[in-house]
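Sequence lines, in order, name chains U and G. Okay, so the first sequence: first residue is 280 according to the working numbering, each after it adds one. Okay, so the second sequence: first residue is 15 according to the working numbering, each after it adds one.
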Amino acid sequence: MSTVDIRAATAQVHRAEWARIVASLTKRFGDLDVAEEAAAEAFAVAVERWPADGLPPNPGAWLTTAANRKAIDRLRREGKRDEKQVAAERLYGERHDQDGDPYADLFGTADDIEDERLRLIFTCCHPALAMESRVALTLRMVGGLTVPEIARAFLVQETAMARRITRAKAKIKAAGIPYRVPSAQDLPVRVSGVLAVLFLVFNEGYLATGSASDPVRRDLTGEAIRLTRLIRDLLPDDGEVAGLLALMLLTEARHAARVSADGELVPLDEQDRGAWDAQLVAEGHALVRERLAAGAAPGRYQLLAAINAVHTSAREMRDTDWSQVVALYDQLVRVDPSPVVALNRAVAVAELSGAQAALAEVDALEEQLAGYHAYHAVRADLRRRLGLDEASRAAYDRAIELAGNTAETAFLVRRRDQV
Amino acid sequence: MQVLVSVIADDTVRLATPDEMTAIDAFNGRLKADGHWVFAAGLAEPGASTVVDHRGPEPIVTDGPFLESKEYLAGFWIIEAPDLDAALELAAEGSRHCNRRLEVRPIL
């Protein structure tokens, strides 16, 4: 294997094994700090040694053993060994020179391992932490992103991001946030808390804010999808988990068609549908079909996924089944009666019943959405269709003032100048 | 671990109603029965407080709460709970019974 191949393989192992290793160390040593540092050190050693020594036969086991030794070294240095750590040290001291696969023995069954990663995710997304801390902590501890990577993703100074993560870990310890999967009674609420974190990460990638950033941050959308896949593996029967994954896949599938070569956002009706990722579309559709077959009342993410499935089933914009889109939005309004959902519903109503009917619905949202760029963008488009040019331009102006995404601003400016 | 559960009141809020007192008593009974009870007390209104400072040579006594704020501590529980999730669950129940917001904070 060439050095380049080994580097790629190491990166792959990092993605696959990071959460597992941090989770098992956290459980063993009862300390997120120790787990994070030891896992990072073990990977640093791997990056240094594997290109020279070659990839070990079981990289996950190699890393686990190395990380455990690093953690024990640290605890020994700090004189903080209690009986549990002595026991861990004994176990590793006896085992690490033996042949065979220490991995299986050390971690028990596959179910236990999955359980450990779930514990880690629920702890990082605990509602007692501020939302921005949950996002940062999840990307660091579960996603394995480095602090500089997370800082760049959210346009925050590295030192500020490091402080945010340190404070969050300190709160977990000081507040007594437990390291476990929530009780069955709390589980639905807590799962939806985890999904909210992942959806936020995805949306920040999908419609990145800030004039200095790329309009689409595929590092973030990709990471959100990867973590949602992980949750899906761990909670395969949860409908909303499947729904969120489908929603992300069907959105991500359109990424290549969503921004033009000039960096301008391309609306759905102008997208080159041939540029959509057929594999992601197929996977998203399969998940939506699975949820339909389950027959359970769909939640917010499942309904959003179903709406996106209708859009991605149409070969051309004019083939879109708008009555089904509106019917799904009607269901969504009942689950999530927010003004943003009502706005998106109105966009579908415009296609089904005409711009006049839609504009009346949109105008009714003014009080709640006056500060939201999309409200003004939708209004501008509907007024344009109705020949209300001056009013349309005014609404575009307001939308441009409020929009934070560079590609979206470029699109709105062009549209305004065409009116 | 033990946690301090503070009862947050704002100055428009009156003392607990008889119905709220009954509900709080019942909740306290359950805390005792389940082994969570350590201590609980209601506090007199902030205007009844006096500040003492004997960091200098003579004790100085001044009128009034040390913090002037719209919100004040109306009472507290000290409860025993295995972790934050358990404490939050109890606090959620307590908040419903006393009809006020609660702050949960571990005791060192």
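All C-beta atoms, glycine included, are put in the ideal place defined by N, C-alpha and C.
Given residue i as reference, the closest of the options once Cα atoms are compared
i        : options                                   : result
U:Thr500 : U:Leu526, U:Gly472 and U:Glu531           : U:Glu531
U:Lys306 : U:Ala331, U:Asp394, U:Arg286 and U:Val657 : U:Asp394
U:Val589 : U:Leu304, U:Arg419 and U:Val605           : U:Val605
U:Glu646 : U:Ser303, U:Val619 and U:Gly542           : U:Val619
U:Arg672 : U:Arg694, U:Ala689, U:Asn684 and U:Ala287 : U:Arg694
G:Phe80  : G:Pro60, G:Gly70, G:Val19 and G:Glu72     : G:Pro60
U:Arg396 : U:Glu630, U:Val301 and U:Pro467           : U:Val301
U:Asp660 : U:Leu622, U:Gly683 and U:Gln291           : U:Leu622
U:Val324 : U:Ala346, U:Glu502, U:Ala340 and U:Phe308 : U:Ala346
U:Ser539 : U:Thr685, U:Arg442 and U:Ser303           : U:Thr685
U:Leu524 : U:Glu327, U:Arg568 and U:Leu544           : U:Arg568
U:Met420 : U:Phe433, U:Gln436 and U:Cys403           : U:Cys403
Beta carbon proximity, residue i to chain G, threshold 7 Å
i        : result
U:Tyr382 : Residue placement at U:Tyr382 cannot be trusted, given a pLDDT of 40 that sits under 50; what the coordinates show is reported in the next sentence. It does not; no Cβ of chain G falls within 7 Å.
U:Arg309 : For clarity, residue 309 of chain U is Gly in the given sequence; the question names Arg instead. It does not; no Cβ of chain G falls within 7 Å.
U:Pro302 : Before going further, note that residue 302 of chain U is Ala rather than Pro in the sequence given. Cβ-Cβ to chain G under 7 Å: no for U:Ala302.
U:Ala409 : no
U:Pro467 : no
U:Gly455 : yes
U:Gly372 : For U:Gly372, the predicted model reports a pLDDT of 44, less than 50, meaning its position is unreliable and no value from the coordinates is stated.
U:Val476 : no
U:Gln377 : Here U:Gln377 scores only 41 on pLDDT, less than 50, and its place in the model is too uncertain to base an answer on.
U:Arg594 : no
U:Phe386 : Its pLDDT being 41, under 50, U:Phe386 is placed unreliably in this model, and the value from its coordinates should be taken loosely. U:Phe386 does not count as touching chain G.
Beta carbon of residue i nearer than 7 Å to that of residue j
i        : j        : result
U:Lys448 : U:Leu311 : yes
U:Gly563 : U:Leu529 : yes
G:His111 : G:Phe41  : yes
U:Ala407 : U:Ile456 : yes
U:Tyr231 : U:Gly522 : Residue 231 of chain U lies beyond the residue range present for chain U, which begins at 280 and ends at 698; the question has no answer from this structure.
U:Val296 : U:Leu334 : The question names Val, but residue 296 of chain U is Glu in the sequence shown. No, they are not a contact pair.
U:Arg398 : U:Val495 : no
G:Ala88  : G:Val21  : yes
U:Val628 : U:Ala636 : yes
U:Thr507 : U:Leu526 : no
U:Gln558 : U:Ala536 : no
U:Leu607 : U:Ala643 : no
U:Leu611 : U:Leu631 : no
U:Ala415 : U:Ile429 : yes
G:Leu57  : G:Ile121 : no
G:Arg119 : G:Ala23  : no
U:Glu687 : U:Leu544 : yes
Chain U within 7 Å of residue i, Cβ atoms only
i        : result
G:Ala48  : In the sequence as presented, Ala is not what sits at residue 48 of chain G; that position holds Asp. No, its Cβ sits nowhere closer than 7 Å to a Cβ of chain U.
G:Leu104 : no
G:Leu98  : yes
G:Pro120 : yes
G:Met15  : yes
C-beta neighbour in chain B for residue i, strict 7 Å
i       : result
G:Asp24 : As a matter of chain content, chain B is missing from the structure shown, whose protein chains are U and G.
Cβ-based burial, residue i [other Cβ within 10 Å; buried from 16]
i        : result
U:Ile762 : Since the displayed chain U opens at 280 and closes at 698, residue 762 of chain U lies outside it and no answer follows.
U:Thr388 : Low local confidence applies: a pLDDT of 46 at U:Thr388 is under 50, so the model's placement there is unreliable, with the coordinate-based value given in what follows. With fewer than 16 other Cβ atoms within 10 Å, it is exposed.
G:Thr31  : exposed
U:Met410 : exposed
U:Pro577 : buried
U:Glu315 : buried
U:Lys349 : buried
U:Met280 : exposed
U:Asp548 : exposed
U:Ile451 : buried
G:His68  : exposed
U:Ser602 : exposed
G:Gly49  : exposed
Any non-hydrogen atom of the ligand GDP within 6 Å of residue i CB
i        : result
U:Pro515 : By its list of ligands, the structure shown contains no ligand whatsoever, and the ligand GDP lies outside what it can speak to.
Using Cβ-Cβ distances below 9 Å, what residues of the region 61-92 of chain G are close to chain U?
none
Output, in sequence order along the chain, the residues in the region 308-337 of chain U whose CB is closer than 8 Å to any CB in chain G.
none
Would you list, in chain order, the members of the region 563-584 of chain U that have their beta-carbon closer than 9 Å to a beta-carbon of chain G?
none
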